[in-house]
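S.K.: From first to last, the protein sequence lines stand for chains A and B.
So the first sequence is numbered by my numbering: it starts at 264 and just counts up by one.
So the second sequence is numbered by my numbering: it starts at 264 and just counts up by one.
We treat Cβ as the ideally placed atom computed from N, Cα and C, and that holds for glycine.
Number of protein chains: 2
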Amino acid sequence: MDVETHDSTPGVKQVIIVNNALKLPKGKLAAQVAHAAVAAFLEADEPVQRDWLADGMPKIVLKADDEEKLLALEALAQAQAIPAYLVADAGKTVLAEGTITCLGLGPAVEDALDALTGDLKLL
Amino acid sequence: MDVETHDSTPGVKQVIIVNNALKLPKGKLAAQVAHAAVAAFLEADEPVQRDWLADGMPKIVLKADDEEKLLALEALAQAQAIPAYLVADAGKTVLAEGTITCLGLGPAVEDALDALTGDLKLL
């Protein structure tokens, strides 16, 4: 068992941004966010992974208005070598194939993530 | 970018079970599920991790009636050496400290997970 951390602490964190245009059912939404979290984690360098795990895996889930915003954030993150992972749906249930559902960023330095996502609201 | 897989395929998968007694807000719920997904993944042996990643990280989010059910499932999983990770909340926002929010199981062989969780409904 572990204790999840939500509030901001200095160090590294992870941010997952949901495409709020989709209004996904909560179970599907949670699965997509989990997918982004695991995949973005695997994109990070090992020392950053270790720091994030040691800190209790702090993460936050935000919302963006549409797919275009997620694509723009992915490009900005990649330009800064911040781990970034876009999740697209396989289209087998409620969504059209390839619909972008969310973006995972980090683990990465908190200030760098805040500079990219500070204008977004909590989901 | 990757495509998320939801439906059942032979092989390994991950199951995250939410404590449905809590009626968490969707953003908080998604963060807790993501936490369980990453942590349970890290509990798995490397060959299983690799198989699950190669399969597109299939995962499903289910619901259980209460904390007791999550604790019982964790015990059953551990007895079968299935990766299991209980997430408790730090209690800084809407929940009392230590509230168990969800349980991550796997990646593990699909049949073994179905035997444990086949009676649970999709969130």
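Among the residues of its own chain, which have a CB less than 7 angstroms from the CB of residue 299/B, if the five just before and after it don't count?
M.R.: The residue labelled residue 299/B in the question sits at position 36 within the second sequence. 279, 348, 350, 365, 366, 367.
S.K.: Determine, for residue 381/B, whether the minimum Cβ-Cβ distance to residues of chain A falls below 8 angstroms.
M.R.: Looking up residue 381/B in the second sequence gives position 118. Residue 381/B does not count as touching chain A.
S.K.: Helix or strand or just coil, what does DSSP make of residue 308/A?
M.R.: As a position in the first sequence, residue 308/A is number 45, starting the count at 1. If DSSP states are grouped into helix, strand and coil, residue 308/A belongs with coil.
S.K.: What are the start and end residues of each continuous beta strand (DSSP E) run of 3 or more residues lying completely inside the stretch 312-355 of chain A, in chain order?
M.R.: 322-327, 347-352
S.K.: For residue 307/B and residue 289/B, what's the separation of their Cα atoms in angstroms?
M.R.: Counted from its first residue, the second sequence places residue 307/B at position 44. Counted from its first residue, the second sequence places residue 289/B at position 26. Going by the C-alpha atoms only, they are around 27 angstroms apart.
S.K.: Do residue 312/B and residue 370/B have their C-beta atoms closer together than 8 angstroms?
M.R.: Mapped onto the second sequence, residue 312/B falls at position 49. Mapped onto the second sequence, residue 370/B falls at position 107. Inclusion of residue 312/B and residue 370/B in the CB contact set at 8 angstroms is warranted, their separation being smaller than that value.
S.K.: Tell me, please, whether the stretch 316-325 of chain A touches the stretch 338-347 of chain A by the rule of three or more beta-carbon pairs shorter than 8 angstroms.
M.R.: no
S.K.: Look up residue 384/A in the DSSP assignment and give the residues it is bridged to.
M.R.: The residue labelled residue 384/A in the question sits at position 121 within the first sequence. Answer by DSSP bridge pairing, in chain order: 326/A.
S.K.: State yes or no: is the C-beta of residue 292/A within less than 8 angstroms of the C-beta of residue 275/A?
M.R.: Here residue 292/A corresponds to residue number 29 of the first sequence, with the count starting at 1. Here residue 275/A corresponds to residue number 12 of the first sequence, with the count starting at 1. The answer is no: Cβ separation not under 8 angstroms.
S.K.: Do residue 333/A and residue 379/A have their CB atoms nearer than 8 angstroms?
M.R.: As a position in the first sequence, residue 333/A is number 70, starting the count at 1. As a position in the first sequence, residue 379/A is number 116, starting the count at 1. Going by C-beta atoms, residue 333/A is not nearer than 8 angstroms to residue 379/A.
S.K.: Would you please verify whether the beta carbon of residue 293/A is less than 8 angstroms from any beta carbon of chain B?
M.R.: Start at 1 with the first residue of the first sequence, and residue 293/A comes out as number 30. Yes, its Cβ sits closer than 8 angstroms to a Cβ of chain B.
S.K.: Can you check DSSP and say which residues form a bridge with residue 367/B?
M.R.: Numbered from its first residue, the second sequence carries residue 367/B at position 104. Answer by DSSP bridge pairing, in chain order: 279/B, 348/B.
S.K.: Quick one, are the C-beta atoms of residue 297/B and residue 297/A less than 8 angstroms apart?
M.R.: Residue 297/B sits at position 34 when you count from the first residue of the second sequence. Residue 297/A sits at position 34 when you count from the first residue of the first sequence. Going by C-beta atoms, residue 297/B is nearer than 8 angstroms to residue 297/A.
S.K.: Taking only beta carbons into account, state which residues of the stretch 306-327 of chain A come closer than 9 angstroms to chain B, listed in chain order.
M.R.: 316, 319, 320, 322, 323, 324, 325, 326
S.K.: What does the alpha-carbon distance come out to for the pair residue 330/B and residue 305/A?
M.R.: For the purposes of this step, residue 330/B is identified with residue 67 of the second sequence, where counting begins at 1. For the purposes of this step, residue 305/A is identified with residue 42 of the first sequence, where counting begins at 1. Rounded to whole angstroms, residue 330/B and residue 305/A show a C-alpha spacing of 30 angstroms.
S.K.: Could you name the residues of the same chain whose beta carbon sits closer than 6 angstroms to that of residue 362/A, not counting the 5 residues immediately before and after it, in chain order?
M.R.: As a working note, residue 362/A is residue 99 in the first sequence. If we look at residue 362/A and ignore the five residues flanking it on each side, its Cβ neighbours are 352.
S.K.: Can you tell me which of 373/A, 285/A, 287/A, 302/A puts its alpha carbon nearest to the alpha carbon of residue 318/A?
M.R.: Counted from its first residue, the first sequence places residue 318/A at position 55. That would be 373/A, whose Cα lies nearest to the Cα of residue 318/A.
S.K.: Is it buried or exposed, residue 385/A, if we count other Cβ atoms within 10 angstroms and call 16 or more buried?
M.R.: Start at 1 with the first residue of the first sequence, and residue 385/A comes out as number 122. Exposed, by the Cβ-count rule.
S.K.: Is it true that the CB of residue 327/B sits closer than 8 angstroms to the CB of residue 383/B?
M.R.: Here residue 383/B refers to the residue found at position 120 of the second sequence. Here residue 327/B refers to the residue found at position 64 of the second sequence. Contact flag set, yes.
S.K.: Would you say residue 345/B faces chain A, with C-beta separation under 8 angstroms as the test?
M.R.: Taking the first residue of the second sequence as position 1, residue 345/B is located at position 82. No, its Cβ sits nowhere closer than 8 angstroms to a Cβ of chain A.
S.K.: Please check if any C-beta of chain A sits within less than 8 angstroms of the C-beta of residue 297/B.
M.R.: Locating residue 297/B in the second sequence gives position 34, counting from the first residue. So yes, residue 297/B belongs to the interface.
S.K.: Quick check on residue 300/A - is its C-beta less than 8 angstroms from some C-beta in chain B?
M.R.: Your numbering for residue 300/A matches position 37 in the first sequence. Yes, its Cβ sits closer than 8 angstroms to a Cβ of chain B.
S.K.: Rounded to the nearest angstrom, what separates residue 376/B and residue 302/A at their Cα positions?
M.R.: Within the second sequence, numbered from 1, the residue matching residue 376/B stands at position 113. Within the first sequence, numbered from 1, the residue matching residue 302/A stands at position 39. Here the C-alpha atom of residue 376/B lies approximately 22 angstroms from the C-alpha atom of residue 302/A.
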